[in-house]
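Residue numbers (the UniProt record's numbering), protein chains in the order written: chain A, 1 to 183; chain B, 1 to 115. For glycine and all other residues, C-beta sits at the position ideal for the given N, C-alpha and C. One structure is given below, encoded as structure tokens.
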Amino acid sequence: NMFFVMLVIFPMSIVVCVQLALHVFGDLLDSIIVDVASECHRIARLGLERKLDEEEEELRLSAQARARIADPSNNVEANGKYVVDIFGQTHPPVANEIFDCMNCGRSIMAGRFAPHLEKCMGKGRKARLKATRSSTAAQNRYSRGSPVSTYSPYSSTASINRLSNGNPRVATGECSNGTVEEP
Amino acid sequence: MLKNRRQSVNRPPTPDLTDDRAKVPTLQEVINIKLIESGEKEQLMELVREKLTDCGWKDEMETIVRAYIKKQGRNNVTLDELVRVITPKGRASIPDSIKAELLQRIRTFLVSAAL
Numbered sequence: 001n002m003f004f005v006m007l008v009i010f011p012m013s014i015v016v017c018v019q020l021a022l023h024v025f026g027d028l029l030d031s032i033i034v035d036v037a038s039e040c041h042r043i044a045r046l047g048l049e050r051k052l053d054e055e056e057e058e059l060r061l062s063a064q065a066r067a068r069i070a071d072p073s074n075n076v077e078a079n080g081k082y083v084v085d086i087f088g089q090t091h092p093p094v095a096n097e098i099f100d101c102m103n104c105g106r107s108i109m110a111g112r113f114a115p116h117l118e119k120c121m122g123k124g125r126k127a128r129l130k131a132t133r134s135s136t137a138a139q140n141r142y143s144r145g146s147p148v149s150t151y152s153p154y155s156s157t158a159s160i161n162r163l164s165n166g167n168p169r170v171a172t173g174e175c176s177n178g179t180v181e182e183p
Numbered sequence: 001m002l003k004n005r006r007q008s009v010n011r012p013p014t015p016d017l018t019d020d021r022a023k024v025p026t027l028q029e030v031i032n033i034k035l036i037e038s039g040e041k042e043q044l045m046e047l048v049r050e051k052l053t054d055c056g057w058k059d060e061m062e063t064i065v066r067a068y069i070k071k072q073g074r075n076n077v078t079l080d081e082l083v084r085v086i087t088p089k090g091r092a093s094i095p096d097s098i099k100a101e102l103l104q105r106i107r108t109f110l111v112s113a114a115l
């Protein structure tokens, strides 16, 4: 450290100090230049520019969408069919695409599909009557007049069905071997 | 072992094991060690990076690099090449205010390191 003390004392130290500072600065700059080049090099070699472009496009679109929401001239009140979402699209209150039910084969409107499926697959009295011939007799024996029948939970406690989440208990119609399913 | 691909970064040669004499460190090396040990180098790097990004210097450099890569073909460029491409312009286009501020800070450090 005598070295340093001498540097401070002599006037030449100022020149050396400035030179040293320049050298340090140059080192820092070189490191940063290498970092910049390195990042671009990596992106180029890995072919990541497409992803960057896609990300930029996403950001741009979402900024656009946000601007559209903020714009007071857009009608955002629930007006039946005329609600406009952030992409500028309107949707009917009931989904109106039509497709075929995979259970019974009928053409069903999408917005009406859930209630249809309830009836079609099991909760309704009529659905249960769509049984195969071999189990019809057994079914009629139980459902006539008896309050505590095997299937009464399905008809008397509709709440059970509302809880079932899309895996409704299969009606006996589905059991082709005629066995009775206990709830 | 034969290398089929171009080396992307130049490595300095491995030091010769027979040349094991104790070397006197240069002033620059000593300063560098002090900078690193005190954490000042890290802080300076962050400071410079931030300033150069904010003033648009980094974007300018990236634009130049990307243009060069596009021209040469993205699989046909080495890191050394890219560094060489932007170093002269990079050094020259540092805003004076940033350079002055950094130099001032470094000189302060040097004085405090000497005491």
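Review point. How is B:Thr-78 classed by DSSP in three states: helix, strand or coil?
Key: coil
Exercise for review: With DSSP as the reference, label B:Ser-93 as helix, strand or coil.
Suggested key: coil
Point to revise | Cα-Cα separation, B:Lys-70 to B:Met-61 | key: 14 Å
Check your understanding: Looking at the C-beta of A:Cys-40, does it have a partner C-beta in chain E at a distance below 9 Å?
Key -> The displayed structure is made up of protein chains A and B, and chain E is not among them.
Review point. What does B:Lys-58 reach in chain A if we use C-beta pairs closer than 7 Å?
Key: Val-36
Exercise for review: Buried or exposed for residue 201 of chain A, please, with buried defined as at least 16 other CB atoms from any protein chain shown within 10 angstroms of its CB.
Suggested key: No statement about residue 201 of chain A is possible, as the shown extent of chain A runs from 1 to 183 and does not include it.
Review point. Would the C-beta of A:Leu-29 count as close to the ligand NAP, meaning under 8 Å from any of its heavy atoms?
Key: Absent from the structure shown: the ligand NAP. Ligands present: none.
Point to revise | Proximity test, Cβ basis, 9 Å: B:Glu-62 and chain A | key: yes
Check your understanding: Using a C-beta cutoff of 9 Å, does B:Arg-107 count as contacting chain A?
Key -> yes
Review point. In this structure, does DSSP put B:Thr-53 in helix, strand or coil?
Key: helix
Point to revise | A:Ile-86, enclosing alpha helix (DSSP H) - first and last residue | key: Unbroken run through A:Ile-86: none, as it is neither H nor E.
Check your understanding: Hey, how far is the Cα of A:Glu-97 from the Cα of A:Lys-119?
Key -> 20 Å
**Study point:** Exposure of B:Gly-90, with buried meaning 16 or more beta-carbon neighbours within 10 Å
**Key:** buried
Practice item. Put A:Phe-3 into one of helix, strand or coil per three-state DSSP. Key: helix
Practice item. Evaluate A:Gly-122 with the Cβ neighbour count: other Cβ atoms within 10 Å of its Cβ, from every protein chain shown; 16 or more gives buried, anything less gives exposed. Key: buried
**Study point:** Beta-carbon spacing of B:Val-77, A:His-23 below 9 Å
**Key:** no
Point to revise | Within chain A, the residues that B:Ile-31 reaches when beta carbons sit closer than 9 Å | key: Leu-20, His-23 and Val-24
Point to revise | Rounded C-alpha distance that separates B:Arg-105 from B:Glu-40 | key: 10 Å
Exercise for review: Identify, in the order they occur along the chain, each residue of the same chain with its Cβ nearer than 6 Å to the Cβ of A:Ala-95, setting aside the five sequence neighbours on each side.
Suggested key: Ala-110 and Gly-111
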